[in-house]
Amino acid sequence: MRELASRLGLRTDPTIFFVSALCTALFVLALVLAPEQIGDAFAAGRAWIVSHLGWFFILGVNVWLGFLIWAAMSRHGH
9 MRELASRLGL
19 RTDPTIFFVS
29 ALCTALFVLA
39 LVLAPEQIGD
49 AFAAGRAWIV
59 SHLGWFFILG
69 VNVWLGFLIW
79 AAMSRHGH
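Per my numbering, the sequence shown starts with residue 9, numbered consecutively.
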């Protein structure tokens, strides 16, 4: 793999690059071949996240908002 990476002029770790590219290609292929089933799976996953991790989302938004207010009021906010 390192020889292929050097021939292609890649400066990244070839193992990580090719594994990531393969996972991305498989994900896109699944979306193209079975959009309804993947959509149902995403909807089920979203429903689980909303019902079980909604508090975490609200916490994250509040932390982010607090950081933005702090940044705006600090010397970095001009």
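We treat Cβ as the ideally placed atom computed from N, Cα and C, and that holds for glycine.
What is the DSSP secondary structure of residue i, counted as helix, strand or coil?
i, result
"Thr82", "Per the sequence presented here, residue 82 reads as Ser, with Thr not at that position. In this structure, Ser82 counts as coil in the three-state DSSP scheme."
"Arg38", "Per the sequence shown, residue 38 should be read as Ala rather than Arg. Correct three-state label for Ala38: helix."
Counting along the chain, where does the alpha helix (DSSP H) carrying residue i start and finish?
i, result
"Arg19", "Unbroken run through Arg19: none, as it is neither H nor E."
Tell me the rounded alpha-carbon separation between residue i and residue j.
i, j, result
"Ala51", "Arg15", "42 Å"
"Leu37", "Trp63", "34 Å"
"Leu76", "Met9", "44 Å"
"Glu44", "Arg54", "15 Å"
"Pro22", "Ala13", "6 Å"
"Leu73", "Met81", "12 Å"
"Arg19", "Val27", "15 Å"
"Gly17", "Cys31", "22 Å"
"Leu61", "Leu67", "10 Å"
"Gly47", "Ala33", "17 Å"
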